[in-house]
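Mapping the sequence shown onto full-length UniProt numbering, position 116 (from 1) lands on 116, and the numbers just tick up by one. Each residue gets a CB set at the ideal place from its N, CA and C atoms; glycine is no exception. Reading through the structure tokens given below for one structure.
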Amino acid sequence: MLSLRVTTTRLAGTRISLDAPRVTIGRQDDCTVYLDDPTVSRKHAVVETGAGGTTLRDLGSINGTSLNGMPVMGLARLQAGDRVTFGRVEALVEPGREWSTPAGVHVGSQGAGQINNVEGIQYIQHIRAERESFLADIAATKTTARRLVAFGFVCIVTGFALFGFGVVSFIQRVPEVDIDTPESQIPSPFGPDVGGVPLGIIGFALFATGMFTLIAGIVKHVSAAARLRRMNSNGMGY
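Here it is, written out as structure tokens:
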């Protein structure tokens, strides 16, 4: 059996077991090995082991897979000593050993000075739980942002309509006013009162509230989208 030892990027030193009959490599959660690097595609490559040996196949990745500097087109036979590159992540093919990273392990998301070798399924479950929690938080933020935008838009439209109605009401009553009209009967430029407050003022306040709410919703949505992009490019985004 063979294994891979990553030799470049911040994942250098990570060892990946190829003992399973089929090992998928990429940045998607259901891959056998999750390589946490922005140049690795979600479904990047697959390594298959059978009676005829171990082969490597690219899965239509954006940045390509190469073997000993040559792009992998179709099936490529692997043997100890070969150098495989997934995007910018280069790995050396070595004989399999007991210390190889178990299949299904999440590789990456470790800071400088921390241990690069990943051990145990518990680590995978922890990382995936963190990712799922982070994605759930982003989804909740986007939902809140959409509601704020919708509420703000309704307030803006309603406020504008009320303000406009108040102004139109004032314009319609202007011809009724003459020099003998008592001051108490002179119409307000903001329209009739509702509960002692001119309708135009209510509309203006509602319009201003809608604008602030709309802006807050847009800011929250942009922030959530930026966090998601950082997670996809850097692997975490916290």
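Closest by C-alpha distance to residue 3, when choosing among 195, 91, 191 and 209:
When each option's Cα is compared against that of residue 3, the closest is 91.
On the DSSP bridge list, what partners appear for residue 193?
DSSP lists 198 as the beta-bridge partner residues of residue 193.
Rounded separation between residue 153 and residue 209 - CA only:
10 Å
Under 8 Å: do the stretch 78-91 and the stretch 60-67 share three or more Cβ pairs, one atom per stretch?
Using a Cβ-Cβ distance cut-off of 8 Å, the stretch 78-91 and the stretch 60-67 are in contact, since at least three pairs of beta carbons, one from each stretch, lie closer than that value.
Taking one C-beta from the stretch 13-27 and one from the stretch 39-50 each time, how about it: are there three or more such pairs within less than 8 Å?
yes
Mapping DSSP to helix, strand and coil, what is residue 188?
coil
Take every Cβ of the stretch 207-226, pair it with every Cβ of the stretch 137-153, and state whether three or more of those distances are shorter than 8 Å.
yes
Roughly how many angstroms lie between the CA atoms of residue 223 and residue 96, to the nearest whole one?
44 Å
Over what stretch of residues does the beta strand (DSSP E) that includes residue 92 continue unbroken?
Here the beta strand (DSSP E) through residue 92 covers 89-95.
Compare the beta carbon distance of residue 191 and residue 166 with 7 Å and say whether it is the shorter of the two.
If you check the CB distance, residue 191 and residue 166 come in under 7 Å.
Tell me which residues share the same chain as residue 75 and place their Cβ nearer than 6 Å to its Cβ, disregarding the 5 neighbours each side in the sequence.
55 and 57
Compare the C-alpha of residue 198 against each of 174, 140 and 170 and name the closest.
170
CB of residue 37 within 7 Å of CB of residue 72, strictly
For residue 37 and residue 72, no; Cβs fall outside 7 Å.
Taking residue 35 as the reference, which of 10, 93 and 53 has the closest Cα?
10
What are the boundary residues of the beta strand (DSSP E) that includes residue 23?
22-26
Which class does residue 41 belong to by DSSP, given the choice of helix, strand or coil?
coil
Just the C-alpha distance for residue 41 and residue 203, rounded to the nearest angstrom, thanks.
51 Å
Which partner residues of residue 66 appear in the DSSP bridge assignment?
Under DSSP, residue 66 shares a beta bridge with 71 and 85.
Run through DSSP, which three-state label would residue 210 get?
helix
Can you tell me the Cβ-Cβ gap for residue 44 and residue 142, rounded? I've got them flagged as a contact below 8 Å.
Contact flag wrong, Cβ pair sits at about 28 Å.
Using three-state DSSP, classify residue 133 as helix, strand or coil.
Helix, per DSSP.
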